[in-house]
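Trainee: Protein chains in written order, with UniProt numbering: chain Y, 1 to 69; chain B, 1 to 230; chain W, 1 to 572. Glycine included, C-beta positions come from ideal geometry on N, C-alpha and C. Everything numeric in this text was worked out from a predicted model, so none of it was measured. Got a structure for you, written out below as structure tokens; questions coming shortly.
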Amino acid sequence: MNTRSNRPKRSLLRRLGARLRTAGALVLHFLHPARFVLAPLLIVLLFAGVLLWLTGGLAYVAPFVYALF
Amino acid sequence: MSLTAALARLLNPLVWRSSARSALKLHGFALAEHGSMLDLRLAARLTPSPSRAAAYLRHADDETRHAQMFGKRARQLAREAALARSHAVWDPIRADSEQLFVGLGELDFLAFVHVGEARAIEQFLVYVDYFEARGRERDASLLRTILVDEHRHAAYTRSLLFELAASEAEARRALRRVRRWEAWRSWLRAGRFLAERVYMVAMLLVYVLAAPLGLLVRWARPLTRGWRGS
Amino acid sequence: MANVLGISAHYHDAAAALVVDGEVVVAIQQERLSRIKNDPALPLDAGDACLAHAGLRAQDLDAVVFYERPFDKLERVMVNLMRNLPRTWRQFPRAMASQLGDKIWVLDQLAEAFGQPRAKVHCFEHHRCHAASAHFVSRFEDAAVLVVDGVGEHSSTTLWHGQGSTLRALCSIDFPHSLGLLYAALTAWLGFAVNEGEYKVMGLAAWGRPGHAGLHERFEQLIRLDDDGSYELGLEYFAHMSDAELGFGPKLEALLGPRRPPGRAWKFDEAKDQHYADVAATLQGVIEAALLGLARKAKALTGSANLCLAGGVALNSLANARLAREGGFEAVFVQPAAGDAGGALGAAILDALELGDPRPGPMMSAALGLPVDVARAWAVARELELPIRRVDDPASAAAQLIAADKIVAHVRGRFEWGPRALGQRSILARAAERSTRERINRLIKQREPFRPFAPAVLEPRVAAYFDGQANDMTPFMTTVLPARPDHSDALGAVTHEDGSSRAQTVSVGSAPELHALLTALERGGHAPLVLNTSLNGPGEPIVASSEDALGFFLRHAVDAMIIEDLVIERPS
């Protein structure tokens with residue numbers, strides 16, 4: 001029943017492409033005229049996203065993180 | 001003495017220094033037993049062998065009982081320590097499943113469970129000594145009761161592992177593989193722990209810097225009440 | 001003609017539902033497979049199981065549909081975090097990590113997991129999915145549809161008009177005003193777990209005195225009900241805008257008293273616990289009044305004779321009974337999986353309709369899950385050295401055991417969709433003696449003493465035991481009926497403190513195995529009525545597979561277990 005381990009993996013490039021398209025759609029969502037005034041929230045999103053990405057990667061360098069910060 | 005036992009002996013005074021710390025540790029054990037129960041139930045469903053399914057179900061039943069025993073004692077200690085009611089120790093015992101059977105396959109799953117049980121035996125023996133030396137008979141007795149089951153679990157998983165592996169060498173390779181995988185997992189967990197804290201601090205900084213946006217949002221999106229679109 | 005997989009996930013109660021050529025073929029909550037109660041994880045196992053049950057492969061799917069619009073949700077979360085600065089400082093990092101790390105990518109994750117081009121993965125608004133899950137599987141051609149839950153993207157309450165295969169949005173009440181979050185806050189204040197303890201609050205209500213000692217006046221500060229059917233929360237008493245754990249603030253404790261410590265034994269002869277019961281009773285009255293106001297608004301806007309309900313608040317069977325009595329509608333239907341799980345079904349139906357498929361037929365049964373593997377059950381039970389045997393007539397075997405006052409775990413047919421056990425994965429026992437209820441509680445359920453057990457009765461016999469008739473809700477236990485006092489001897493274990501029973505009416509169509517059992521009971525000269533409670537231990541999801549069932553038998557002291565035509569009897 002459980003097939004999680006058998007799922008075909010997409011190539012990194014295709015996954016990255018899909019993620020970029022979603023990120024683009026998110027930017028367009030906040031730039032829509034109905035919520036244009038919320039566009040500055042995109043800056044917060046950008047910062048939060050970059051931080052999350054960076055600290056996600058930190059898990060791999062793990063206990064040496066003190067050397068980086 | 002193994003590294004596990006030495007570490008446990010070294011950390012004993014820290015881990016069990018108060019009722020509150022003891023409650024937290026035992027609550028952690030309860031969660032670990034509950035998580036193990038979930039993995040064993042999944043293994044029982046997925047293994048092609050009815051006899052191994054039966055063994056996993058019996059083991060899962062023991063883990064459920066252990067989780068309840070640890071949880072009950074943790075709450076007794078939490079009461080003694082007057083731990084706040086919002087503390088996790090009062091919550092129902094709920095753990096996540098790592099779906100180890102799916103991720104590792106049955107051979108490595110058995111090796112993983114065996115290694116975990118053997119390590120638990122080593123640690124619990126050290127804890128029992130510690131509790132007995134300090135007259136904490138109730139805690140010593142709890143662990144002694146559970147140790148009986150842990151010995152049985154370690155024995156049956158070892159025997160199933162060697163039965164299932166193509167050869168004895170293959171079984172030993174699985175044990176080594178699992179130990180390496182566990183070490184890597186511990187490394188990642190430590191990394192994640194640190195990374196999360198770095199992230200939290202950095203995000204709080206972003207939060208402070210974003211404070212003026214709070215005013216913008218309050219102006220642009222005032223709270224609504226009543227019907228919209230009526 | 002299309003194969004559409006609907007998915008709900010990420011908050012609580014994840015699920016997958018498959019609609020094939022316009023018909024609901026299978027629907028599964030992730031918790032039944034993962035064994036984690038209210039599992040919110042992306043339900044890939046449930047999705048796979050749906051496909052396997054229907055004999056489809058992922059490439060046969062025409063669409064995968066998510067029950068929520070992720071960007072709208074993110075927008076609401078961000079607006080709320082910023083609006084409530086600085087009280088949201090604790091939530092901000094976690095909320096952003098959860099949204100940006102996971103939730104906004106859900107459509108990509110689904111595309112990858114089910115091997116679909118991204119263009120085939122869609123989403124619909126949360127409340128629209130709820131509304132669809134109720135209207136499109138009801139028997140009504142025309143209905144007002146009321147959705148009430150904690151919160152979707154922006155709305156917490158919405159009204160719709162369902163006509164044939166269309167669903168038109170009428171109006172909404174937005175977060176942070178929310179009946180679901182009011183209920184959740186009081187659930188936490190009463191010392192129960194949010195998203196799990198709401199049933200307990202409803203059970204507790206029967207033991208309380210609504211409005212006692214000025215509680216009505218105090219509740220008027222918590223929620224104001226307007227004449228137009230809308231409502232407004234006294235937000236200063238709540239914390240759901242800034243606290244994900246508790247939902248209420250210190251002002252609520254100042255108003256109602258300190259929260260009840262979780263896990264403490266209940267003693268109604270103590271004034272403190274009686275006060276908590278009084279609060280639960282007052283809350284129940286307020287929720288019912290609010291829902292009646294919403295129903296009146298829905299009636300005024302649609303003029304429809306029928307009402308459909310969905311959203312977590314629609315699982316309040318007491319309130320549903322009152323809506324049926326006083327709401328001004330001829331008929332009321334509630335989606336059996338009214339909580340977030342139901343959104344998966346609604347999403348799948350909405351997309352199937354857009355792809356040109358017909359509207360599904362009325363939902364007659366909630367047995368939409370997976371069957372048990374009988375051969376596997378036999379083999380594993382033998383390995384466990386359980387005394388298992390095969391019988392020709394399992395319904396009669398079960399009836400004999402129940403008539404002999406045994407507690408029977410009943411595992412037959414496909415498991416249920418929604419939180420109620422309706423005979424497919426149930427613990428069944430004689431409904432007559434109150435002692436049976438205490439025995440089940442002591443040996444298995446370990447429930448609080450105030451929580452009722454429900455009866456299941458043969459549909460044509462319902463009026464003999466209850467004041468009322470079978471209706472659109474009774475097959476799914478989403479309403480209550482008053483027990484007839486002249487039959488109290490037959491209903492001792494299943495009548496609540498207030499004289500009500502959450503009765504399930506059983507027909508061949510809704511639960512054929514349970515119907516056969518009740519018929520066999522009647523044939524044997526017994527009342528065609530059993531106590532029916534879910535087949536699970538405390539804090540566990542309801543049993544799904546044969547291994548789950550055997551695991552339950554090992555752990556819990558039921559007298560016997562029926563797995564299709566297999567019987568296991570515990571030696572006395």
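(1) Per DSSP, what kind of secondary structure is L491 of chain W in: helix, strand or coil?
(2) List, in order along the chain, the chain Y residues whose C-beta lies closer than 8 Å to that of D108 of chain W?
(3) Where does I173 of chain W land, buried or exposed, given buried means 16+ other C-beta within 10 angstroms?
(4) With a threshold of 16 other CB atoms inside 10 Å of the CB of L81 of chain W, please say whether the residue is buried or exposed.
(5) Measure from the alpha carbon of A206 of chain W to the alpha carbon of each residue in W:L307, W:R451, W:L256, W:A27, then state which is nearest.
(6) Considering only DSSP beta bridges, list what Y231 of chain W is partnered with.
(7) Report the partner residues of A560 of chain W according to the DSSP bridge assignment.
(8) Report all residues from its chain with a CB closer than 7 Å to the CB of C129 of chain W; omit the five preceding and five following residues, and keep chain order.
(9) Which of the residues in the segment 31 to 48 of chain Y, read from start to end, lie with their CB under 8 Å from any CB of chain W?
(10) Just how far apart, CA to CA, sit L28 of chain Y and F71 of chain W?
(11) If contacts are defined as beta-carbon pairs under 8 Å, then A511 of chain W and S396 of chain W qualify, I think. What distance do you get, rounded to the angstrom?
(12) Helix, strand or coil for Q109 of chain W? Go by DSSP, reduced to three states.
(13) Can you find a CB in chain W that lies within less than 7 Å of the CB of P50 of chain B?
(14) Kindly list, in the order they appear in chain W, the residues whose Cβ is closer than 8 Å to that of D61 of chain B.
(15) Quick one: is P92 of chain B near chain W, going by C-beta distance under 7 Å?
(16) With a floor of 3 residues, list each beta strand (DSSP E) that falls wholly inside the segment 438 to 524 of chain W, ordered by position along the chain.
(17) Contact criterion: CB-CB distance below 7 Å. Does V217 of chain B meet it with respect to chain W?
(18) Hey, V408 of chain W and I563 of chain W are a contact pair by Cβ (cut 8 Å); roughly how many whole angstroms apart?
(19) Relative to the alpha-carbon of R570 of chain W, which residue among W:N38, W:L401, W:R434, W:D472 has its alpha-carbon at the smallest distance?
(20) Taking only three categories from DSSP, how would you classify T22 of chain Y?
(21) Is it true that the CB of V126 of chain B sits closer than 7 Å to the CB of residue 233 of chain B?
(22) Flag A97 of chain W as yes if its beta-carbon sits less than 7 Å from any beta-carbon of chain Y, otherwise no.
(23) Are the CB atoms of G229 of chain W and G162 of chain W within a distance shorter than 7 Å?
(24) Hey, would you say H177 of chain W sits closer than 7 Å to L233 of chain W, going by beta carbons?
(25) Can a CB atom of chain B be found closer than 7 Å to the CB of W89 of chain W?
(26) Starting from the C-beta of T533 of chain W, find all residues in its chain whose C-beta is less than 6 Å away, skip the five residues before and the five after it, and write them out in chain order.
(27) Measure the C-alpha to C-alpha separation of Y56 of chain B and E196 of chain B and round it to an integer number of angstroms.
(28) Determine which residues of the segment 438 to 456 of chain W have a Cβ less than 9 Å from any Cβ of chain B, and write them out in chain order.
(29) Taking beta-carbon pairs under 8 Å, can you tell me which members of the segment 184 to 204 of chain B lie near chain Y?
(30) Let me see if you follow: with CB-CB separation under 7 Å, is L51 of chain Y close to chain B or not?
(31) Return the chain-ordered list of same chain residues with a C-beta closer than 7 Å to the C-beta of D108 of chain W, the five sequence neighbours on each side being excluded.
(32) Does the count of Cβ pairs from the segment 374 to 387 of chain W and the segment 32 to 47 of chain W closer than 8 Å reach three?
(33) If you measure between the beta carbons of D340 of chain W and S8 of chain W, is that distance less than 7 Å?
(34) Which same chain residues end up closer than 8 Å to D373 of chain W when comparing Cβ atoms and leaving out the 5 residues on each side of it in sequence?
(35) With burial defined as no fewer than 16 other Cβ atoms inside 10 Å of the residue's Cβ, what is the status of A211 of chain B: buried or exposed?
(36) Please classify residue 586 of chain W: does DSSP put it in a helix, a strand, or coil?
Mentor: Let's see:
(1) L491 of chain W: coil per DSSP, three-state reduction.
(2) The answer, in chain order, is R15, A18, R19, T22.
(3) Buried, because 16 or more other Cβ atoms sit within 10 Å of the Cβ of I173 of chain W.
(4) Flag for L81 of chain W reads buried.
(5) Distance from the Cα of A206 of chain W is smallest, within the candidate group W:L307, W:R451, W:L256, W:A27, for W:R451.
(6) W:L225, per the DSSP bridge assignment.
(7) Note: A560 of chain W sits in a beta bridge opposite W:V408, W:E569.
(8) Result list for C129 of chain W: Y67, G343, G346, A347, L350, in chain order.
(9) Within the segment 31 to 48 of chain Y, the residues whose Cβ lies closer than 8 Å to some Cβ of chain W are R35, L38, L41, V44, L45, A48, listed in chain order.
(10) The alpha-carbon atoms of L28 of chain Y and F71 of chain W are separated by roughly 10 Å.
(11) With a Cβ gap of about 17 Å, A511 of chain W and S396 of chain W do not count as contacting.
(12) Correct three-state label for Q109 of chain W: helix.
(13) With 7 Å as the cut-off, P50 of chain B counts as an interface residue toward chain W.
(14) Within chain W, the residues near D61 of chain B are G551, L554, R555.
(15) It does: the Cβ of P92 of chain B has a partner Cβ on chain W nearer than 7 Å.
(16) DSSP runs (the beta strand (DSSP E)) wholly in the segment 438 to 524 of chain W: 454 to 458, 504 to 506.
(17) By this cut-off, V217 of chain B is an interface position.
(18) In this structure V408 of chain W does not touch I563 of chain W by the C-beta definition: roughly 11 Å separates them, more than the 8 Å allowed.
(19) Residue W:L401 is the option with its Cα nearest to R570 of chain W.
(20) Three-state DSSP puts T22 of chain Y in a helix.
(21) Lying before the first or after the last residue shown, residue 233 of chain B is absent from chain B, which here runs from 1 to 230.
(22) Judged by the 7 Å Cβ criterion, A97 of chain W is in contact with chain Y.
(23) No, they are not a contact pair.
(24) Taking C-beta atoms as the reference points, H177 of chain W and L233 of chain W count as a pair closer than 7 Å.
(25) Answer yes: the Cβ-Cβ gap between W89 of chain W and chain B drops below 7 Å somewhere.
(26) The residues are I427, F453.
(27) If you take the alpha carbons of Y56 of chain B and E196 of chain B, they lie about 35 Å apart.
(28) Within the segment 438 to 456 of chain W, no residue places its CB atom closer than 9 Å to a CB of chain B.
(29) Those residues of the segment 184 to 204 of chain B that come within reach of chain Y (Cβ to Cβ, closer than 8 Å) are W187, L188, A190, G191, R192, L194, A195, E196, V198, Y199, A202, M203.
(30) Look at L51 of chain Y: its C-beta is under 7 Å from a C-beta on chain B.
(31) The answer, listed in chain order, is R118.
(32) Taking a cut-off of 8 Å on C-beta distances, the segment 374 to 387 of chain W does not touch the segment 32 to 47 of chain W, as fewer than three cross pairs fall below it.
(33) A contact, by the Cβ cut-off of 7 Å.
(34) Same-chain partners within the cutoff: S545, S546.
(35) The residue in question, A211 of chain B, is exposed, as its Cβ has fewer than 16 Cβ neighbours within 10 Å.
(36) Because chain W spans 1 through 572 in this model, residue 586 of chain W falls outside it and cannot be assessed.
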